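Novice: If you read the sequence shown in my numbering, its first letter stands for residue 70, the second for the next number, and so on.
No residue lacks a Cβ here, since even glycine has one placed at the ideal position from N, Cα and C.
This one's a predicted model, so the numbers in the text were calculated from it and none came from an experiment.
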Amino acid sequence: MEKKVILTIGRQFGSGGAEIGKKLAKELNIPFYDKEILTEAAKKSGYSEDLFTQRDEKKTGSLLFSLSTGAYPMGGPLSYLYDLPLDDRLFLAQIDAMKHITQRGSCIIVGRCAEYILRDDPGCISVFIHAALEKRVERISRIYELSPQKAENLIVKTDKRRAQYHNYYSTEKWGDATAYHMCVDSGALGVDQSVELIRRLVDLSQK
Numbered sequence: 070m071e072k073k074v075i076l077t078i079g080r081q082f083g084s085g086g087a088e089i090g091k092k093l094a095k096e097l098n099i100p101f102y103d104k105e106i107l108t109e110a111a112k113k114s115g116y117s118e119d120l121f122t123q124r125d126e127k128k129t130g131s132l133l134f135s136l137s138t139g140a141y142p143m144g145g146p147l148s149y150l151y152d153l154p155l156d157d158r159l160f161l162a163q164i165d166a167m168k169h170i171t172q173r174g175s176c177i178i179v180g181r182c183a184e185y186i187l188r189d190d191p192g193c194i195s196v197f198i199h200a201a202l203e204k205r206v207e208r209i210s211r212i213y214e215l216s217p218q219k220a221e222n223l224i225v226k227t228d229k230r231r232a233q234y235h236n237y238y239s240t241e242k243w244g245d246a247t248a249y250h251m252c253v254d255s256g257a258l259g260v261d262q263s264v265e266l267i268r269r270l271v272d273l274s275q276k
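In structure tokens form, the structure reads like this:
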């Protein structure tokens with residue numbers, strides 16, 4: 070690709086967002102980051118990766134912190150973090166990791182408020198992937214070998230957690246179409262056609 074592309078993917082649980090992201094990364098020959106963001110943040114911050122994993126995309130009751138206040142100079146030294154609650158420190162460590170990752174070149178980042186954090190990067194393209202509940206129940210039941218009821222309960226719980234986390238750390242509402250460049254119904258299109266549609270969006274950004 071001639072121009073740098075930072076493709077961020079928000080997703081409902083069970084919509085296949087990670088699978089779509091991985092296929093796109095392979096087609097575009099660029100790095101893919103999902104849980105890998107936690108590894109990068111752990112290496113850079115000195116906190117254990119287990120700590121990041123335990124709190125991944127979770128709002129667990131720390132004091133209100135908003136990037137819009139300008140309290141943290143994004144991309145600044147981590148020494149600024151230590152007067153903040155732990156959850157905010159971990160979130161800001163992930164911001165720092167994302168900033169360094171995107172400085173290396175094109176990539177795909179899944180979840181973790183990436184579309185908000187990276188919104189000022191001229192190469193950022195944000196996509197939200199969703200699907201009807203029944204489609205997601207079918208997918209989660211198959212992947213995790215759960216009953217439909219247990220799969221639905223897991224989906225509802227996970228989406229609620231992701232929305233709380235996103236809405237806490239962002240001024241945009243999770244899943245709101247106005248916050249993204251494109252919203253894709255993977256339940257209607259299927260994984261491969263969703264990949265093709267997003268690939269077209271990326272291709273257009275190169276013109």
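From the DSSP secondary-structure annotation, give me the bridge partner or partners of phenylalanine 101.
Specialist: Answer by DSSP bridge pairing, in chain order: Ile177.
Novice: According to DSSP, simplified to helix, strand and coil, what is aspartate 156?
Specialist: Here aspartate 156 sits in helix by DSSP.
Novice: Which word fits glutamate 109, buried or exposed, when buried means at least 16 other C-beta atoms lie within 10 angstroms of its C-beta?
Specialist: Answer is buried; the Cβ neighbour count reaches 16.
Novice: Along the chain, where does the beta strand (DSSP E) containing leucine 76 start, and where does it finish?
Specialist: 75 to 80 is the extent of the beta strand (DSSP E) around leucine 76.
Novice: Among residues of its own chain, excluding the 5 on either side of serine 255, which ones have a beta-carbon nearer than 6 Å to its beta-carbon?
Specialist: Ser84, Gly85, Ile198, Ala200 and Ser263, listed in sequence order.
Novice: So what does DSSP say about aspartate 272, is it helix, strand or coil?
Specialist: In the structure shown, aspartate 272 sits in a helix (DSSP, three-state: H, G or I).
Novice: Excluding the 5 residues preceding and the 5 following alanine 183 in the sequence, name in chain order all residues of the same chain whose CB lies nearer than 6 Å to its CB.
Specialist: Contacts found: Thr77.
Novice: Would you be able to state if there are at least three C-beta pairs under 8 Å between the stretch 230 to 248 and the stretch 173 to 188?
Specialist: Yes, the stretch 173 to 188 touches the stretch 230 to 248.
Novice: How far does the alpha helix (DSSP H) with histidine 250 in it extend, from its first residue to its last?
Specialist: Note, histidine 250: premise wrong, no alpha helix (DSSP H); not H, not E.
Novice: Compute the beta-carbon to beta-carbon distance between isoleucine 177 and alanine 232, rounded to the nearest angstrom, for a pair I have assumed lies under 8 Å.
Specialist: Not confirmed; about 22 Å, so no contact.
Novice: Closest to arginine 188 by CA distance: which of Gln218, Tyr249 and Ile209 is it?
Specialist: Measuring from the Cα of arginine 188, the nearest candidate turns out to be Tyr249.
Novice: What are the start and end residues of each continuous beta strand (DSSP E) run of 3 or more residues lying completely inside the stretch 160 to 210, in chain order?
Specialist: Qualifying beta strand (DSSP E) stretches, in chain order: 176 to 179 and 193 to 199.
Novice: Does isoleucine 89 have its Cβ less than 8 Å from a Cβ in chain D?
Specialist: Among the protein chains of the structure shown there is no chain D, as only one such chain exists.
Novice: Over what stretch of residues does the alpha helix (DSSP H) that includes aspartate 119 continue unbroken?
Specialist: Looking at the DSSP string, the run of the alpha helix (DSSP H) that includes aspartate 119 is 118 to 123.
Novice: According to DSSP, is serine 263 helix, strand or coil?
Specialist: Serine 263 falls in the helix class under three-state DSSP.
Novice: Between Lys72, Phe82 and Glu71, which lies nearest to lysine 229 when the distance is taken from Cα to Cα?
Specialist: Measuring from the Cα of lysine 229, the nearest candidate turns out to be Phe82.
Novice: Does threonine 227 come out as helix, strand or coil in the three-state DSSP assignment?
Specialist: Here threonine 227 sits in helix by DSSP.
Novice: For arginine 269, count the other beta carbons within 10 Å of its own beta carbon; 16 or more makes it buried, fewer makes it exposed. Which is it?
Specialist: Flag for arginine 269 reads exposed.
Novice: Pick helix, strand or coil for leucine 93, following the three-state DSSP scheme.
Specialist: Looking at leucine 93 - three-state DSSP - the assignment turns out to be helix.
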